[in-house]
Amino acid sequence: MTQQQTAGPPTGVADLAEEFLDRQTPLSRIRNILHRYPALSPAIVLLVSVIVFGLLNDRFLRVENLSLITQQVAVVGTLAIAQTLIILTAGIDLSVGAVMILSSMVVAQLAVNNGVPAPLALLAGLLVGLGAGALNGFLVTRFRLPPFIVTLGTLNIFIALTLLYSNGATVRGSAMPGMLTWTGSTFLLGPVRISTGVVLMLLLYIAVAFILGKTAWGRHVYAVGDDKEAARLAGIAVNRVLMSVYLAAGAVLAVGAWIQIGRTNAASPNTGVDLNLDSITAVVIGGTSLFGGRGSIWGTLLGALIVGVFRNGLSLAGLDVLYQTLAVGILIILAVSIDQWIRKVKS
Amino acid sequence: MTATEFQPADTKVRQPILQARSLVKTFGRVVGLDGVSLDLYPGEVLAVIGDNGAGKSTLIKCLTGAEVPDSGELTVSGQPVHFKRPQDARAHGIETVYQNLAVSPALDVASNLFLGREERLPGPLGKLFRVLDTKGMRRKAKEELARLGISTLQDVTVPVENLSGGQRQAVAVARAAAFGSKVVVLDEPTAALGVRESNQVLQLVRDLRDRGLPVILISHNMPHVFDVADRIHIQRLGKCAATITPQSHSMTDAVAIMTGAATA
Chain G
29 MTQQQTAGPP TGVADLAEEF LDRQTPLSRI RNILHRYPAL SPAIVLLVSV IVFGLLNDRF
89 LRVENLSLIT QQVAVVGTLA IAQTLIILTA GIDLSVGAVM ILSSMVVAQL AVNNGVPAPL
149 ALLAGLLVGL GAGALNGFLV TRFRLPPFIV TLGTLNIFIA LTLLYSNGAT VRGSAMPGML
209 TWTGSTFLLG PVRISTGVVL MLLLYIAVAF ILGKTAWGRH VYAVGDDKEA ARLAGIAVNR
269 VLMSVYLAAG AVLAVGAWIQ IGRTNAASPN TGVDLNLDSI TAVVIGGTSL FGGRGSIWGT
329 LLGALIVGVF RNGLSLAGLD VLYQTLAVGI LIILAVSIDQ WIRKVKS
Chain E
8 MTATEFQPAD TKVRQPILQA RSLVKTFGRV VGLDGVSLDL YPGEVLAVIG DNGAGKSTLI
68 KCLTGAEVPD SGELTVSGQP VHFKRPQDAR AHGIETVYQN LAVSPALDVA SNLFLGREER
128 LPGPLGKLFR VLDTKGMRRK AKEELARLGI STLQDVTVPV ENLSGGQRQA VAVARAAAFG
188 SKVVVLDEPT AALGVRESNQ VLQLVRDLRD RGLPVILISH NMPHVFDVAD RIHIQRLGKC
248 AATITPQSHS MTDAVAIMTG AATA
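Chains as they are written, first to last, in this note's numbering: chain G, 29 to 375; chain E, 8 to 271.
Structure follows, in structure tokens:
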């Protein structure tokens with residue numbers, strides 16, 4: 029080995045150049061690695077924070093507590109899938125929480141007040157999600173409005189629709205058919221208590237990771253977010269990709285609505301407005317670039333878990349909710365700064 | 008000697024691959040093209056030069072489907088064609104490399120070569136789950152690069168943003184030249200490049216021609232044009248002022264024709 033290093037010449041000029049580039053500084057080498065694997069930095073942050081909170085409080089690393097964190101993360105984690113898809117196209121969706129609440133209210137009201145069978149009510153919830161996605165996608169692609177503005181508008185529209193439709197009344201889980209609250213049920217896997225909602229969320233992550241990584245559609249989503257014009261010139265139907273992304277996001281949000289009903293054992297029009305921003309937080313901390321075209325869905329799951337771990341760990345440490353919010357704020361700014369730094373990798 | 012008399016040795020017997028006859032394109036009251044004709048023969052580099060507003064980009068857009076001419080005829084290998092979209096031109100084997108480099112920076116070289124025409128795995132994985140044949144596409148990308156003689160791109164798994172300007176241009180050119188295209192149109196391929204990288208791209212243009220692929224080259228850079236072009240189409244005020252060759256005319260002559268100070 030040592031002989032090879034001293035005597036053996038590099039195999040080619042390209043190898044030599046590559047090695048030379050890599051050897052600039054240790055820092056730029058780290059940056060290159062982080063650039064290649066966008067989920068790596070959130071994975072490191074999650075690992076470190078779990079260790080630190082575990083050392084601060086014995087109860088943190090108990091199985092029941094870790095299980096609780098996953099349940100607390102299930103809804104935001106699901107919304108963050110939809111958010112990731114949209115942010116990958118260099119968009120942003122401020123209305124994810126509002127769509128989810130609207131969908132959950134429609135499902136609950138139809139099932140409880142109108143006596144619609146649970147599967148049909150859930151189907152109606154899916155249609156609400158798809159409809160909301162179609163509206164956002166239509167405004168973004170046809171009127172060429174910035175997604176930020178479109179979803180700021182639809183956020184308010186969906187909140188108003190939710191309140192109009194529900195008259196501000198909460199529907200209790202106890203009044204609903206069992207199928208609607210099924211996502212809140214738990215089962216034991218060895219010593220770990222797992223909720224159905226968490227399993228559903230993980231299945232969505234696996235499905236979306238597969239689609240983004242292994243299909244042409246996934247590659248086109250990245251290409252559109254990376255450089256819209258280049259994608260168009262390469263023969264990709266940019267508007268069709270964008271529209272399908274908003275529709276897919278709407279479908280994911282409808283599943284999120286189901287998970288939310290199970291998690292809170294209710295459908296309430298007054299919760300979940302924070303979820304809009306929390307989902308963006310998870311995506312950003314997960315290393316997906318707000319400029320589009322860069323990031324991974326697993327990073328988003330890690331980002332959602334990081335926020336969950338911070339909130340849970342800080343509250344176990346006896347700190348006020350205020351400090352949790354403060355910590356999340358600092359995390360966001362750190363994450364975006366790191367993203368900016370990583371993006372400077374250019375020849 | 009007048010330029011129009013000159014014919015490359017074999018053009019009398021060979022049929023032009025791409026032929027334009029009396030193209031007219033107006034934008035409101037502005038005449039972009041005023042009856043322009045152009046022939047592109049197999050295995051030649053045809054440069055299109057002209058001052059700003061002379062109609063060279065309108066001409067290229069009409070040839071590549073980005074604009075629809077008001078009147079005039081286009082034929083590809085003798086068959087009349089009507090391009091309404093860039094995709095129509097692409098379907099007839101006319102590939103364009105745009106000035107602003109239509110590559111996706113975060114995707115790797117192989118993904119860029121196959122962008123918009125990805126291949127799926129055979130069998131149920133590909134048909135049912137639409138799984139991409141990543142390995143196969145990488146292998147084919149390597150083969151295509153080798154066939155085109157592009158040696159600057161060794162590793163097809165490198166993201167394009169990690170490449171130099173010349174290498175990126177090579178990716179864009181490779182994508183245009185690969186997969187059975189008949190004509191490659193290069194719009195200002197050396198405009199953003201340094202001397203060494205420009206030379207690499209010019210060499211690439213020569214390699215494409217030597218492999219029988221005709222190239223239309225739009226450029227402002229006279230030395231580059233005179234370096235690689237077999238024939239030079241000079242646009243002036245919406246018309247073809249002359250078609251010359253680097254042998255028949257000097258750069259000064261070309262500039263004089265371009266600006267109207269002389270006629271061919």
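Even glycine gets a Cβ: it sits at the ideal position worked out from N, Cα and C.
What you are looking at is a predicted structure, and each value in this text was computed from that prediction instead of being measured.
Counting contacts by CB-CB distance shorter than 8 Å, is E/Arg137 in contact with chain G?
yes
Cβ neighbours of G/Asp50 in the same chain (closer than 6 Å, five flanking residues each side left out)
Residue placement at G/Asp50 is poorly supported in this model, since its pLDDT is 48, which falls under 50; the coordinates are not used for a value here.
Run through chain G and tell me which residues come within less than 8 Å of E/Glu125, C-beta to C-beta.
Ala244, Arg247
Return the chain-ordered list of same chain residues with a C-beta closer than 7 Å to the C-beta of G/Val266, the five sequence neighbours on each side being excluded.
Val252, Lys256, Ala259, Arg260
Near-chain G residues of the segment 99-125 of chain E - C-beta to any C-beta below 9 Å:
Thr103, Tyr105, Asn107, Leu108, Ala109, Val110, Ser111, Pro112, Ala113, Leu114, Ser118, Asn119, Phe121, Leu122, Gly123, Arg124, Glu125
Of all the residues that make up the segment 260-287 of chain G, which are near chain A by a beta-carbon distance shorter than 7 Å?
The chain labelled as chain A is not found among the protein chains of the depicted structure, namely G and E.
Where E/Gln94 meets chain G, residues with beta-carbon distance less than 7 Å:
Gly263
Could you name the residues of the segment 306-330 of chain G whose beta carbon sits closer than 8 Å to any beta carbon of chain E, in the order they occur along the chain?
Gly321, Arg322
Mind listing the chain E neighbours of G/Asp255? Cutoff is C-beta to C-beta under 7 Å, in chain order.
Ser111, Pro112
Under the rule that 16 or more other beta-carbon atoms within 10 Å means buried, what is G/Pro38, buried or exposed?
Unreliable placement is indicated for G/Pro38, whose pLDDT of 41 sits below 50; no coordinate value is reported for it.
Answer yes or no: does any C-beta atom of chain G fall closer than 8 Å to that of E/Arg97?
yes
Closer than 8 Å between beta carbons: that is the criterion. Which residues of the segment 135-151 of chain G meet it against chain E?
none
Between G/Val127 and the rest of its own chain, which residues show a CB-CB distance below 7 Å, the 5 nearest in sequence each way excluded?
Gly157, Ala160, Phe186, Gly278, Leu281
How about E/Leu211 and E/Ile157: are their beta carbons less than 8 Å apart?
yes
Cβ of G/Asp50 within 8 Å of any chain E Cβ
Unreliable placement is indicated for G/Asp50, whose pLDDT of 48 sits below 50; no coordinate value is reported for it.
Please report how far the alpha carbon of E/Gln176 lies from the alpha carbon of G/Ile61, in whole angstroms.
25 Å
Below 8 Å on the Cβ atoms is my guess for E/Leu200 versus E/Gly172; work out the distance and round it to an integer in Å.
5 Å
Which residues in the same chain have their Cβ closer than 7 Å to the Cβ of E/Glu12, if we skip the five residues on either side of it in sequence?
Its pLDDT being 45, under 50, E/Glu12 is placed unreliably in this model, and the value from its coordinates should be taken loosely. Here the set comprises nothing.
Interface partners of G/Ala258 on chain E, CB under 7 Å
Ala109, Val110, Ser111
Exposed unless 16 or more other CB atoms sit within 10 angstroms - verdict on G/Gly346:
exposed
Residue range of the alpha helix (DSSP H) that includes G/Ile313
302-313
Under 8 Å, do G/Arg221 and G/Ser95 count as touching if we go by C-beta distance?
yes
Alpha-carbon spacing of G/Ile308 relative to E/Ala181, whole angstroms:
38 Å
Which of the three DSSP states, helix, strand or coil, is assigned to G/Glu92?
helix
Looking at the C-beta of G/Ala294, does it have a partner C-beta in chain E at a distance below 8 Å?
no
How far does the alpha helix (DSSP H) with G/Leu74 in it extend, from its first residue to its last?
68-84
Between G/Ala251 and chain E, is the shortest Cβ-Cβ distance under 8 Å, so that the two count as touching?
yes
Express the C-alpha separation of E/Gly267 and E/Val110 in angstroms, rounding to a whole number.
37 Å
Tell me the DSSP secondary structure of G/Val140 in three-state form.
helix
Per-residue DSSP class, three states only, for E/Arg28:
strand
How about the segment 314-328 of chain G and the segment 295-306 of chain G: do they share at least three Cβ pairs that are nearer than 8 Å?
no
Following the continuous alpha helix (DSSP H) through E/Thr82, name the residue where it begins and the one where it ends.
It is not in any alpha helix (DSSP H) - E/Thr82 instead sits in the beta strand (DSSP E) that spans 78-83.
According to DSSP, what are the bridge partners of E/His240?
E/Val55, E/Thr250
Are the beta-carbon atoms belonging to E/Met229 and E/Val262 less than 8 Å from one another?
yes
Span separating the alpha-carbon of E/Asp260 from that of E/Gly143
50 Å
So the candidates are G/Thr117, G/Leu154, G/Ala139, G/Gly143; which of them puts its Cα closest to the Cα of G/Pro174?
G/Thr117
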